[in-house]
Amino acid sequence: MGDCLTRNSYNEAKCQDAVKALYECCEGFYQRYGDEATSPSCPKPNLLRLKIKQQKEGQ
208 MGDCLTRNSY NEAKCQDAVK ALYECCEGFY QRYGDEATSP SCPKPNLLRL KIKQQKEGQ
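In terms of the working numbering, the sequence shown opens at residue 208 and continues consecutively.
This is the structure we're talking about:
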């Protein structure tokens, strides 16, 4: 994801596939370790769920 953002001047809209993959990975992380787990790469669980919902509504 970092490479995509760098190539696209940190325009997240141009890296939606990478962002979606990160969110899916983070979702699995929280399912496995619980909402109290932390990762520097993942948004907090409530924000992650909101972002995933927004992605689905935007399709």
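All C-beta atoms, glycine included, are put in the ideal place defined by N, C-alpha and C.
List the endpoints of the continuous alpha helix (DSSP H) containing Y159. In the structure as shown, the chain starts at 208 and stops at 266, and residue 159 therefore has no counterpart that could be examined.
Assign Y237 to one of two classes, buried (16 or more other C-beta atoms within 10 Å of its C-beta) or exposed (fewer than that). Taking the first residue of the sequence shown as 1, we reach residue 237 at position 30. Per the 10 Å Cβ criterion, buried.
Pairwise C-alpha distance: T213 and A228: What you label residue 228 is simply residue 21 of the sequence shown in a count that begins at 1. What you label residue 213 is simply residue 6 of the sequence shown in a count that begins at 1. In a straight line, the C-alpha of A228 is about 17 Å away from that of T213.
Can you tell me the Cα-Cα spacing of K221 and E264, whole angstroms? Your numbering for residue 221 matches position 14 in the sequence shown. Your numbering for residue 264 matches position 57 in the sequence shown. For K221 and E264, the distance between alpha carbons rounds to 18 Å.
Could you pull out every residue in the same chain whose Cβ sits closer than 8 Å to the Cβ of A244, ignoring the five residues on either side in sequence? What you label residue 244 is simply residue 37 of the sequence shown in a count that begins at 1. Excluding sequence neighbours, A244 sits near F236, Y237.
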